[in-house]
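Colleague: Below is one structure. I have some questions about it.
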Amino acid sequence: MRLQQLQLLLVLAQTGSLRASAEMLHVSQPALTKSLRQLEDEFGTTLVLRTAKGVRLAPAGEMLAARAATVMRELGRAREEIAWHTEHAQASVTVGLSPGGAILLGPGALARFRARWPQVRIRLVDTLYPRMFAQLRAGELDLAIGPLPVEGARRDLAIHPIFTSRNLIAARRGHPLADRTRLADLVQAAWVLTGPAGGPGDPRRMDFESRGLPAPDVRLECESFSTLLAILPDLDILGVVPEGFFQRHGPAMNLVALPIADDLPATTIHLVARADAPLTVPAQRLYEAFEQEARGLRADVQPARVRRRRA
Numbered sequence: 001m002r003l004q005q006l007q008l009l010l011v012l013a014q015t016g017s018l019r020a021s022a023e024m025l026h027v028s029q030p031a032l033t034k035s036l037r038q039l040e041d042e043f044g045t046t047l048v049l050r051t052a053k054g055v056r057l058a059p060a061g062e063m064l065a066a067r068a069a070t071v072m073r074e075l076g077r078a079r080e081e082i083a084w085h086t087e088h089a090q091a092s093v094t095v096g097l098s099p100g101g102a103i104l105l106g107p108g109a110l111a112r113f114r115a116r117w118p119q120v121r122i123r124l125v126d127t128l129y130p131r132m133f134a135q136l137r138a139g140e141l142d143l144a145i146g147p148l149p150v151e152g153a154r155r156d157l158a159i160h161p162i163f164t165s166r167n168l169i170a171a172r173r174g175h176p177l178a179d180r181t182r183l184a185d186l187v188q189a190a191w192v193l194t195g196p197a198g199g200p201g202d203p204r205r206m207d208f209e210s211r212g213l214p215a216p217d218v219r220l221e222c223e224s225f226s227t228l229l230a231i232l233p234d235l236d237i238l239g240v241v242p243e244g245f246f247q248r249h250g251p252a253m254n255l256v257a258l259p260i261a262d263d264l265p266a267t268t269i270h271l272v273a274r275a276d277a278p279l280t281v282p283a284q285r286l287y288e289a290f291e292q293e294a295r296g297l298r299a300d301v302q303p304a305r306v307r308r309r310r311a
């Protein structure tokens, strides 16, 4: 099996056409078909199905293509890292950031990193779990910063808790319940669920039921805290937001934090990377910059589990 054959499979998945794939790869269609047949012979199964509209991957082809995409990304990272070491060429790191991670740790960590490694290009991706984990596994992200789902994460990911953030209940200024101090005072309120169920923006995490109270009445759902900020000022609805995020944006949006005396669940921010692949040196340095920023915020830092590499 050659790398060109894996690339062929990925291009076929992208184009859905033998002819278009041959043109993209700058080979003849007979040569492409021969290479595909050799790959299918090696695996002993059909990888590509021919249809009236072109071609599509068979189930076995989809499985191989997923692995092939990871292989090609890792090779690209290896080339980039070697070039960075030997030629001081530009390297890049792609980081997935949850809203809490972006607000609390992003600015300081990026400033620390760029002060020492200004030549490294950084790509920031706004993301939430479970999409964050899928992007890590697919090799689309080098590392991610954010909370974990209720069910945790599988062992194929290395998890390192770095910071615990308080959550607040936010409302528009003038909301009828804006001065309430107990969760029991909020049982008639309308709530918004921000992000995935069970995540930091889910009001049902606040243990209403364990206090003998009915579960929060979730009447609205949105995917991001940015959307939450846009809708809260105009609605009589309550939302759960990270304290740092609220302090940065809430007052400017005419929002207030309810003075709740009851304990509210906190959110732990984690550094997450693939357990089966070492970080490139630039990615490792950025990982460490986020650790240092968390320490600066007096976080409860646990021993890291990501496999380290020395420059």
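Taking the UniProt record's numbering, the leading residue of the sequence shown gets 1, the next gets one more, and so forth. Idealized CB from N, CA, C, for every residue including glycine.
Within a Cβ cutoff of 7 Å, which residues of the same chain sit near V301, ignoring the five residues on either side of it in sequence?
Modeller: The residue labelled residue 301 in the question sits at position 301 within the sequence shown. Because the pLDDT at V301 is just 37, under 50, the model does not fix this residue reliably, and the point stays unresolved.
Colleague: So is M132 buried or exposed if we call it buried at 16+ other beta carbons inside 10 Å?
Modeller: Translated into positions along the sequence shown, residue 132 becomes position 132. Burial call: buried.
Colleague: Note down, in chain order, each residue of its chain lying with its Cβ closer than 6 Å to the Cβ of L39, except the 5 sequence neighbours on either side.
Modeller: Walking along the sequence shown from the start, residue 39 turns up at place 39. Closer than 6 Å at Cβ, skipping near neighbours: Q5.
Colleague: Identify every run of the beta strand (DSSP E) within the segment 29-78, keeping only runs that are complete inside it and at least 3 residues long; order them along the chain.
Modeller: Segments of the beta strand (DSSP E) lying fully in the segment 29-78: 48-51, 54-57.
Colleague: Could you pull the start and end residues of the alpha helix (DSSP H) that S21 belongs to?
Modeller: By one-based count along the sequence shown, residue 21 stands at place 21. Its alpha helix (DSSP H) spans residues 18-25.
Colleague: Starting from the C-beta of T45, find all residues in its chain whose C-beta is less than 7 Å away, skip the five residues before and the five after it, and write them out in chain order.
Modeller: The residue you call residue 45 lines up with position 45 of the sequence shown. The residues are A60.
Colleague: I need the boundaries of the alpha helix (DSSP H) containing H175, first residue and last residue.
Modeller: Looking up residue 175 in the sequence shown gives position 175. Neither: H175 is in no alpha helix (DSSP H) and is coded neither H nor E.
Colleague: Going by alpha carbons, who is nearest to K53 out of D217, E62, A189, R19?
Modeller: Taking the sequence shown and counting its residues from 1, one reaches residue 53 at position 53. Nearest C-alpha to K53: R19.
Colleague: For the pair the segment 244-259 and the segment 88-103, tell me if three or more CB-CB distances fall below 8 Å.
Modeller: Yes, the segment 244-259 is in contact with the segment 88-103.
Colleague: Measure the Cβ-Cβ separation of N254 and P278 and say whether it is below 8 Å.
Modeller: Here residue 254 refers to the residue found at position 254 when the sequence shown is read from its first residue. Here residue 278 refers to the residue found at position 278 when the sequence shown is read from its first residue. Against a cut-off of 8 Å, the Cβ pair of P278 and N254 comes out as no contact.
Colleague: Let me know the secondary structure DSSP gives F163 once reduced to three states.
Modeller: For the purposes of this step, residue 163 is identified with residue 163 of the sequence shown, where counting begins at 1. Strand, per DSSP.
Colleague: Where are the beta strand (DSSP E) runs, 3 residues long or more, that stay fully inside the segment 211-240, in chain order?
Modeller: As far as the segment 211-240 is concerned, its whole beta strand (DSSP E) runs of at least 3 residues are 217-222.
Colleague: To which residues of the same chain is L8 closer than 8 Å at the C-beta, ignoring the five residues directly before and after it?
Modeller: Along the sequence shown, read from residue 1 onward, the residue named residue 8 stands at position 8. Same-chain partners within the cutoff: S21, L25, L32, S35, L36, L39.
Colleague: Does DSSP put R182 in a helix, in a strand, or in coil?
Modeller: By one-based count along the sequence shown, residue 182 stands at place 182. Looking at R182 - three-state DSSP - the assignment turns out to be coil, as it is neither helix nor strand.
Colleague: How many Å lie between S17 and V240 at the Cα?
Modeller: Counting from 1 along the sequence shown, the entry for residue 17 is found at position 17. Counting from 1 along the sequence shown, the entry for residue 240 is found at position 240. Answer to the nearest angstrom: the Cα atoms are 48 Å apart.
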